[in-house]
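The next block holds one structure in the form of structure tokens; read it before the comments.
Number of protein chains: 2
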Amino acid sequence: MAEIITAEKMAKSMREVSVAEFFEKNRHLLGYENPTKSLITIVKERVDNSLDACDEANILPTIKISMKPTTADRFRIVVEDNGPGVVEEKVPLAFGSLLYGSKFHRLRQSRGTQGIGVSGAILYSQLTTGKPAIVTSSTGKKINVFELSINVANNQPKVILHKRLNNPDKWCGVKIEMEAEGKYIERFQSIPEYLKQTAIANPHAHIIYDGPNGRTDYKRSVNEPPEHPREIKPHPHGIELGILRRMILNTNTKSVIGFLTSDFSRVGKGSADQICKLAKIDCNSNPKKLSTEDSDRLHKAMQMVKLIAPPTNCLSPLKEKTIVEGLKKELQAEFFVSISRSPTVYRGNPFQIEVGLAYGGALAQNETCKLYRFANKVPLLYNQSDCAITEAVTEVDWRRYWLTQSTNALPVGPLAILVHFASVWVPFTSEGKQAIASYPEIIKEIKLALQDAGRKLSKFISQQRRDRERQIRRQIFERYMPEVAESLSKLTEKDKKIILKKLEYMIKNKTLIKEEIEEKKDETDEKEA
Amino acid sequence: MAEIITAEKMAKSMREVSVAEFFEKNRHLLGYENPTKSLITIVKERVDNSLDACDEANILPTIKISMKPTTADRFRIVVEDNGPGVVEEKVPLAFGSLLYGSKFHRLRQSRGTQGIGVSGAILYSQLTTGKPAIVTSSTGKKINVFELSINVANNQPKVILHKRLNNPDKWCGVKIEMEAEGKYIERFQSIPEYLKQTAIANPHAHIIYDGPNGRTDYKRSVNEPPEHPREIKPHPHGIELGILRRMILNTNTKSVIGFLTSDFSRVGKGSADQICKLAKIDCNSNPKKLSTEDSDRLHKAMQMVKLIAPPTNCLSPLKEKTIVEGLKKELQAEFFVSISRSPTVYRGNPFQIEVGLAYGGALAQNETCKLYRFANKVPLLYNQSDCAITEAVTEVDWRRYWLTQSTNALPVGPLAILVHFASVWVPFTSEGKQAIASYPEIIKEIKLALQDAGRKLSKFISQQRRDRERQIRRQIFERYMPEVAESLSKLTEKDKKIILKKLEYMIKNKTLIKEEIEEKKDETDEKEA
Chain A
0 MAEIITAEKM AKSMREVSVA EFFEKNRHLL GYENPTKSLI TIVKERVDNS
50 LDACDEANIL PTIKISMKPT TADRFRIVVE DNGPGVVEEK VPLAFGSLLY
100 GSKFHRLRQS RGTQGIGVSG AILYSQLTTG KPAIVTSSTG KKINVFELSI
150 NVANNQPKVI LHKRLNNPDK WCGVKIEMEA EGKYIERFQS IPEYLKQTAI
200 ANPHAHIIYD GPNGRTDYKR SVNEPPEHPR EIKPHPHGIE LGILRRMILN
250 TNTKSVIGFL TSDFSRVGKG SADQICKLAK IDCNSNPKKL STEDSDRLHK
300 AMQMVKLIAP PTNCLSPLKE KTIVEGLKKE LQAEFFVSIS RSPTVYRGNP
350 FQIEVGLAYG GALAQNETCK LYRFANKVPL LYNQSDCAIT EAVTEVDWRR
400 YWLTQSTNAL PVGPLAILVH FASVWVPFTS EGKQAIASYP EIIKEIKLAL
450 QDAGRKLSKF ISQQRRDRER QIRRQIFERY MPEVAESLSK LTEKDKKIIL
500 KKLEYMIKNK TLIKEEIEEK KDETDEKEA
Chain B
0 MAEIITAEKM AKSMREVSVA EFFEKNRHLL GYENPTKSLI TIVKERVDNS
50 LDACDEANIL PTIKISMKPT TADRFRIVVE DNGPGVVEEK VPLAFGSLLY
100 GSKFHRLRQS RGTQGIGVSG AILYSQLTTG KPAIVTSSTG KKINVFELSI
150 NVANNQPKVI LHKRLNNPDK WCGVKIEMEA EGKYIERFQS IPEYLKQTAI
200 ANPHAHIIYD GPNGRTDYKR SVNEPPEHPR EIKPHPHGIE LGILRRMILN
250 TNTKSVIGFL TSDFSRVGKG SADQICKLAK IDCNSNPKKL STEDSDRLHK
300 AMQMVKLIAP PTNCLSPLKE KTIVEGLKKE LQAEFFVSIS RSPTVYRGNP
350 FQIEVGLAYG GALAQNETCK LYRFANKVPL LYNQSDCAIT EAVTEVDWRR
400 YWLTQSTNAL PVGPLAILVH FASVWVPFTS EGKQAIASYP EIIKEIKLAL
450 QDAGRKLSKF ISQQRRDRER QIRRQIFERY MPEVAESLSK LTEKDKKIIL
500 KKLEYMIKNK TLIKEEIEEK KDETDEKEA
């Protein structure tokens, strides 16, 4: 019989689990569940991080990636950027500790938020090869080289070696080298596919990839860094009670009215007064002295007062032009359209949906459409069936737009769909950040954007069909008209040439009228939709 | 233009993110993405925890749950168990801090492992209602009552109130009260459904549920606690290099041979010697003095030496009898079968697959089969399409067993399928623990178990069909035989009664022979499969 455990014995074995231990054991949660995906995840985390750093510092990113096998199942991965670099004191914590970073507490669109990405890659690398990572960084002064690993037991960096080098060329940036177990492929879900899609959404980046099978250069096609998104304060609508409580505890303001107007966005003196009245709170009282019941009432009142939607300059959309250019660069299609919707809000978080469609040309006729998903300019390669974007695409009735579609399925036809979700907070379904959770507000917005683009596509397709029909009709007439004219001429004893001319005139007018009717019908359909 | 951020500015805003902050913002990862699921998750976390505690202490669990609305969208949830209780000093950390517990570092089957569950529920409760949780616990001595919340900024418990009460009745157990936002339903994915399935897999538990619409009593049907699983040591096969490194750093042994034989399971002196020789390491050297290269070679050698599979008394399967009894209790079917496979191993972790089938009777004829998924005796209600169990079920060719099935879909017919995955480590696809990741070894085992059960089902169905055909055939004969006999009697002038008797005898023999041939054919089919 096995040992029976008492409360006392149980207490002895209780201890804290470090977040590094947790993710080491649950590495599939971070995207390291198989050797192929692991290599992609490492590259993705580093590239996303580099793009974020460059965008924040308003630098046009140039990112060099090298991926070379060291043994049959191990690779050396080096990624170097020209970002602002990381100051010497912060290097160990920034890369040698999970859940450490500058983006988590901020309301502004960025690729990373969790402070897990690159440290997670280093964790995986040391787990599978036992080797430390080499981080080289400079902010323009000395070059710092760190050999570091993560102490998994307490989630703290362990610096094995640190040296400072001279920096005659004033190099700025971060370069990280690691060795990890992996399997390399180049088709479907792969590093080249991730980089290709990254280049579509980030035409201002220059990415040089030196892979096991040679070099690929993803050139910069836009020479301006994207507009810099601003950091915003939380909006009172949709904020959770627990978060409000914590804000009250941490505020530097001295009155409730001050707290409301300076710690939130879109709350002026008038709205703040109104909130206080509704909550039956003296607007000059000290927020830190509010009782539990007071803050409960304040929370309710905040939801009831009408306020302007949160500012949206915290977002950095792709914009319609970039979407079409990106699609054109990658796909040989006949027709392109893009829609950038106005920003809107879910749970107090501003977000914006953008979609693009490419149709016809070299795209495969009888296959399921190709779907490109992006969140904050990062391509999502995995978990397509689990994603709000996919759900929205399947919920649109594509048969309205001349495409084939089974119930609850993606449409079939020579079509590629791009959807970009931009937000200060992306609700990913897991830490691996490959799919967006199904919030109804998000799905609705995506569907509206797709329907809008779909109507434009439908116009193109019906025009294309009409052109084809018209051509066929004309060809038939052209073939038979001389004979008809000949016979008529014999019967009526009139000049064959005149008859032919009149016939041609009649037919031209008739077909034109018919086409006009069809066009009008299309427009009505559209309005009804 | 927004502010451009330099490396220095960035450094200032860098800080640690506590794991509580992380999960507060990402609460959907823990199963709190909508108000309906949130209530289920709270109950599930508490009940799983109670069952684990009782099983460890060899106590027959009696769990009382109360769920009552306090406002339109808030509920007070109280769950009380008769487990061993938690010692006074450990209560705040055990329930007021995430990633704290006794199960994470242990290799033995249990429902919880992460040390997130109940603390996560308390985190959600305080986020949505701002109220602390009330934890009452006793190990049989004094009763401790704690009012506590989680300090999200540092993931530490905050004790608001603590009192000790006398315990004249020697009560033992844990009772936790909390208030949380939620929406209550009773159909499909719901608390009653979770409890019903929990009762199927845990017939030794008595669960009393006092819900918003009345009381349900899930009675105990087995009066013995399940066999106690033992804790095992890691097995050398499949262990990761990084983990081996850490084990070397933390070992109390003085020689490599001692390290191998006492820190691992299934390594005797002979195998240890063999490993050392292969790795070219002196088996008496101090493990802490091994170089990086040494441990690399040791790791490789450990994978190469043949060893007995890990012990499997760390597992606690349901067993075939419990599965059939559980299914019988819930479903009005005609036929039941269960298969408990022998334990096997993935990545060094022992695991065991069990399946049960229920067929016919009151089960719906033309609907997709019902699938019950369990991991370590816990029902999985969400993310069915994302789960290794579902993948395995759809990959089985159910048409072999007389069922309808489209490609890559669940079979259609009056069928319910139960699959139980028991392991020392369940690779869940997210912290919400609702689906199992698709490891090939796991899928293969589930398919083998289902095919085995499928063959038994197929025998039943073909027998059932034969019985029906036989009956129809007999009915036809019985209807026409008197007339045939009559006519024959007229033609031959023989006695009608004798003719009828002979006819009956002939037909009976013929049909029997035909049936025997069919039965033999079935058996051959089976062998081929």
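Protein chains in written order, with the working numbering: chain A, 0 to 528; chain B, 0 to 528.
The beta-carbon is built from N, C-alpha and C at its ideal position, and this holds for glycine as well.
Nearest to residue i (by Cα), restricted to the options the options
i, options, result
"HIS298 (chain A)", "A:HIS203, A:VAL323, A:ASN312 and A:ALA271", "A:ALA271"
"GLU223 (chain B)", "B:PRO60, B:ARG296, B:PRO34 and B:ALA421", "B:PRO60"
"LYS318 (chain B)", "B:ILE338, B:LYS11 and B:SER101", "B:ILE338"
"VAL336 (chain B)", "B:GLY355, B:LYS36 and B:PRO68", "B:GLY355"
"ARG529 (chain A)", "A:ALA363, A:SER384 and A:PRO439", "Past the boundaries of the shown model lies residue 529 (chain A); chain A is included only from 0 to 528, so the question cannot be answered."
"ASN382 (chain A)", "A:TYR400, A:LEU370 and A:GLN433", "A:GLN433"
"GLU444 (chain B)", "B:VAL392, B:GLU430 and B:TRP424", "B:VAL392"
"VAL86 (chain A)", "B:ILE4, B:PHE459, B:THR138 and B:GLU20", "B:ILE4"
"LEU277 (chain A)", "A:PRO286, A:LEU98, A:PHE187 and A:VAL304", "A:VAL304"
"ILE64 (chain A)", "A:VAL16, A:ASP51, A:LEU194 and A:MET13", "A:LEU194"
"THR321 (chain A)", "A:HIS203, A:GLY95 and A:ALA132", "A:HIS203"
"LYS11 (chain B)", "A:LYS162, A:ARG45, A:GLU176 and A:ALA93", "A:ALA93"
"VAL344 (chain B)", "B:TYR438, B:GLU185 and B:ALA19", "B:TYR438"
"LYS279 (chain B)", "B:VAL255, B:SER264 and B:PHE263", "B:VAL255"
"ALA408 (chain B)", "B:GLU390, B:TYR400 and B:VAL423", "B:GLU390"
"ALA448 (chain B)", "B:GLU394, B:ARG464, B:TRP401 and B:SER486", "B:GLU394"
Host alpha helix (DSSP H) of residue i (start-end)
i, result
"GLN463 (chain B)", "439-491"
"ARG296 (chain B)", "291-303"
"THR260 (chain A)", "255-262"
"THR40 (chain B)", "34-55"
Bounding residues of the beta strand (DSSP E) (the contiguous stretch that carries residue i)
i, result
"PRO378 (chain A)", "377-379"
"ILE76 (chain B)", "73-79"
"GLN351 (chain A)", "348-358"
"LEU414 (chain B)", "414-422"
"ARG245 (chain B)", "Per DSSP, ARG245 (chain B) belongs to no beta strand (DSSP E); it is in the alpha helix (DSSP H), 240-249."
"PHE145 (chain B)", "142-150"
"GLU180 (chain B)", "171-180"
"ALA271 (chain B)", "That residue, ALA271 (chain B), is in no beta strand (DSSP E); its alpha helix (DSSP H) goes 268-278."
"THR529 (chain B)", "No statement about residue 529 (chain B) is possible, as the shown extent of chain B runs from 0 to 528 and does not include it."
"ALA132 (chain B)", "132-138"
Classification of residue i by the beta-carbon crowding that lies within 10 angstroms, buried from 16 upward
i, result
"ALA6 (chain A)", "buried"
"TYR504 (chain A)", "exposed"
"ILE435 (chain B)", "buried"
"LEU248 (chain B)", "exposed"
"GLY412 (chain A)", "buried"
"GLU292 (chain B)", "exposed"
"ASP531 (chain A)", "Outside the modelled stretch of chain A, which goes from 0 to 528, sits residue 531 (chain A), for which no answer is possible."
"MET0 (chain B)", "Reliability of the predicted coordinates at MET0 (chain B) is poor, the pLDDT of 45 falling under 50, and the value obtained from them is presented with this limitation in mind. So MET0 (chain B) counts as exposed."
"TYR123 (chain B)", "buried"
"PRO316 (chain B)", "buried"
"GLN351 (chain B)", "buried"
"GLU324 (chain B)", "buried"
"ALA528 (chain A)", "Low confidence applies here, because ALA528 (chain A) scores a pLDDT of 46, under 50, leaving its location unreliable and the question unanswered by this model."
"HIS27 (chain B)", "buried"
Paired residues, beta bridge with residue i - DSSP
i, result
"LEU106 (chain A)", "A:ILE231"
"VAL344 (chain B)", "B:PRO349"
"TYR208 (chain B)", "B:ILE64 and B:THR215"
"GLU15 (chain B)", "A:TYR99"
"VAL158 (chain B)", "B:LEU147"
"ARG186 (chain B)", "In DSSP, ARG186 (chain B) forms no bridge with anything."
Residue i: contacting residues in chain D (beta-carbon distance under 9 angstroms)
i, result
"ALA56 (chain B)", "Absent here is chain D; the protein component of the structure consists of chains A and B."
Checklist entry - Which runs of the alpha helix (DSSP H) spanning at least 4 residues fall entirely within the segment 367-405 of chain A, listed in chain order? => result As far as the segment 367-405 of chain A is concerned, its whole alpha helix (DSSP H) runs of at least 4 residues are 387-394.
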